[in-house]
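There are 4 protein chains.
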Amino acid sequence: MHNDHTPEELQEAVREIIVERIPFNRMLGVELEECDTEHAVVRLDMRPEFVGNYVRGVMHGGVISSVLDVTGGLVALLGVIERTRSGKLAEKLARFERLGTIDLRVDFLRPGDGDYYLAKGYLLRTGSRVAVTRMELHNDAGVLIAVGTGAYVVS
Amino acid sequence: MHNDHTPEELQEAVREIIVERIPFNRMLGVELEECDTEHAVVRLDMRPEFVGNYVRGVMHGGVISSVLDVTGGLVALLGVIERTRSGKLAEKLARFERLGTIDLRVDFLRPGDGDYYLAKGYLLRTGSRVAVTRMELHNDAGVLIAVGTGAYVVS
Amino acid sequence: MHNDHTPEELQEAVREIIVERIPFNRMLGVELEECDTEHAVVRLDMRPEFVGNYVRGVMHGGVISSVLDVTGGLVALLGVIERTRSGKLAEKLARFERLGTIDLRVDFLRPGDGDYYLAKGYLLRTGSRVAVTRMELHNDAGVLIAVGTGAYVVS
Amino acid sequence: MHNDHTPEELQEAVREIIVERIPFNRMLGVELEECDTEHAVVRLDMRPEFVGNYVRGVMHGGVISSVLDVTGGLVALLGVIERTRSGKLAEKLARFERLGTIDLRVDFLRPGDGDYYLAKGYLLRTGSRVAVTRMELHNDAGVLIAVGTGAYVVS
């Protein structure tokens, strides 16, 4: 069985899930910058309501955790789709339904200030049941703000 | 030097910081249910825009991470305030400015469904520089949805 | 199909795996104090070669991590055995072969000093694929030295 | 005040602490392959007593956690020494006494088999109070076996 879709169709379908269909992602306004089978880059524009420590005016740890979880989950999804290789687009996307975060660790390295942020995620391993991903969040000046590690159940 | 405030005044001042002054907490709508020197309970009402996996209609991992980080940070703040013991209310609250999350781990145990959630946090240890907290999130049926551990710099 | 063994036979078989058959556990000298389907207590006696920070004479973080991983894995194994409920003892023990730690977090709360330590583990959740456990390490004076959280693949 | 020692003298002094003076590191037989102000590589030779899952003959998660903690702590120590810059060797090494692991996360990616392992650690950030490090463990075939993240108190 061969793929009945192009890589571009797959990427557009994944973008629609992540950016448009997940309500909390819409609330945050995440955008998909790029993705392939092993990595993804998600963009988040800063907003006044994302502030946590208002004395210092920096981004809330929950927003940072959210965008890293989104990015890790996206990479895990891309990894499991890649493993199935051939088949119908609809079947591959149905894997999203069974995807879940097992756990997430976030390390907050520097205060989150900037007009926008880029979260990069990449696969450390994927198997038939569990995927492990690493994520990095940089601000618009290229400063590393936070890193994360996520484990995801993919079957 | 003795305290120039009552425990109730301190609790109200902390509530104002957590619930009213932190922009992202306001966006989520967190409420402070109770707190003392060693623990705190934060409430979050479910909203349609908090959904992550829209196929299953469950809460986004980022919302769960956010409320656990809020709860852990609050407990760390309460712990450092307790350590200073005596003094002016304004000085104690100024500790908030220097509080920061070092890292956060969240374990997602069961799908987050319910009309509201209660996050309970408690101090595992606090020192002059670092506090460590554990957090638990239950839904309105008393089901344990997620647990977390946070390390916070408090000086 | 009913169990062809007693709970005592199962516990003895698990003890043999954990205490006698795992080479690194033998090197450390871990003992099984008690266990049932949802929790376990593992004992470790202090030895001079377990010291990490020799200036302060306290236990090495690697020893603490090891005994917490042992305890979490044991609880995950007990959980998966409980889920199978009925059947032959040999088949249940064969689940050990497929057990693996996905990830482990350890929080070092206080210096590890004491003549012996007790690590208590309990199940937070178990499913057909993943189990999550929490662990606590106390010294012989009842002081909480460290806590941990582990995710284990069980199928 | 200038350094009263060469970089080589510092590196040899650090090696002596890590490899020779820490009892549990001696028990494991860790070796220091290389180090500078921002990274370090630690070597561990496999031994029969390091086995965890004896059915599969792979390294115990506790051994992996131990060598990653050693490597992360070493990098944190190198970072804090670098920050002090000038001064006497003995004073710099005294920082070791105050170094402690706050927490450690280890992700076990693939079964640990090989004749020897190399753990590489690097600094993600260091401040006056807390350092955060990442670690990677490869086997002798260059396969990534595990990764870790550690937070260390350095003051």
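Protein chains in written order, with this note's numbering: chain A, 1 to 155; chain B, 1001 to 1155; chain C, 2001 to 2155; chain D, 3001 to 3155.
Note that beta-carbon positions come from the ideal geometry of N, C-alpha and C, so glycine has one too.
What you are looking at is a predicted structure, and each value in this text was computed from that prediction instead of being measured.
Supposed close pair G148 of chain A, L68 of chain A - CB separation, criterion 8 Å: 4 Å
6 Å Cβ shell around G1121 of chain B - same chain, five flanking residues per side excluded: A1040, T1071, G1072, V1075, T1133 and M1135
Chain D contact for T2133 of chain C (CB, 8 Å cutoff): no
Start-to-end residues for the beta strand (DSSP E) that takes in K3120 of chain D: Y3116 to T3126
Cβ-based contacts, 8 Å cut-off: residues of the stretch 2099-2129 of chain C near chain A: I2102, D2103, R2105 and R2129
Secondary structure of T3084 of chain D, DSSP reduced to three states: helix
Contact under 8 Å by Cβ, L1078 of chain B with V1014 of chain B: yes
Cβ-Cβ distance between Y1975 of chain C and L2099 of chain C below 8 Å: The structure shown does not extend to residue 1975 of chain C, since chain C spans only 2001 to 2155, so no value can be given for it.
Beta-bridge pairing of Y3152 of chain D - partner residues as DSSP gives them: D:T3101 and D:A3131
Contact between the stretch 108-118 of chain A and the stretch 1106-1114 of chain B (3+ Cβ pairs under 8 Å): no
Contacting positions in the stretch 77-97 of chain A - beta carbon closer than 8 Å to chain G: Judged by its chain identifiers, the structure shown contains no chain G, and its protein chains are A, B, C and D.
Any 3 or more C-beta pairs closer than 8 Å across the stretch 24-32 of chain A and the stretch 1050-1068 of chain B: yes
T1149 of chain B at chain C interface by Cβ criterion, 8 Å: yes
Simplified DSSP assignment, three categories, for N1139 of chain B: strand
Secondary structure, beta strand (DSSP E): runs of 3+ residues fully inside the stretch 2047-2075 of chain C: none
Continuous beta strand (DSSP E) stretch holding E1031 of chain B: start and end: E1031 to C1035
Coarse secondary structure for I3022 of chain D, derived from DSSP in three states: coil
Chain A within 8 Å of V1019 of chain B, Cβ atoms only: no
Under the three-state DSSP convention, the category L1010 of chain B falls into: helix
Per-residue DSSP class, three states only, for R1043 of chain B: strand
Residue-chain proximity (D69 of chain A, chain B), Cβ-Cβ < 8 Å: yes
Per DSSP, cross-strand counterpart(s) of D2113 of chain C: The partner list for D2113 of chain C (beta bridge, DSSP) is empty, contrary to what the question assumes.
Chain A within 8 Å of V1055 of chain B, Cβ atoms only: yes
Residues near T126 of chain A by beta carbon distance below 6 Å, same chain, minus five either side: G79
Within 8 Å, strictly: CB atoms of G2061 of chain C and T2101 of chain C: no
Nearest-angstrom Cα separation, counted from H3138 of chain D out to R1043 of chain B: 44 Å
Closer than 8 Å at the beta carbon, the chain A residues around S2065 of chain C: Going along chain A, no residue has its Cβ under 8 Å from S2065 of chain C, so there is no contact; the nearest lies around 15 Å.
Neighbour flag for V2075 of chain C against chain A, beta carbons, 8 Å: no
Chain B contact residues for V51 of chain A, given Cβ-Cβ distances below 8 Å: I1022, P1023 and F1024
Chain D within 8 Å of H2039 of chain C, Cβ atoms only: no
Rounded C-alpha distance that separates R3056 of chain D from D3113 of chain D: 9 Å
Under 9 Å by beta carbon: chain D residues contacting P2048 of chain C: P3023
Cα-Cα separation, C35 of chain A to P7 of chain A: 11 Å
V2153 of chain C at chain A interface by Cβ criterion, 8 Å: yes
Sheet register partners of A1146 of chain B (DSSP bridge): B:F1108 and B:L1137
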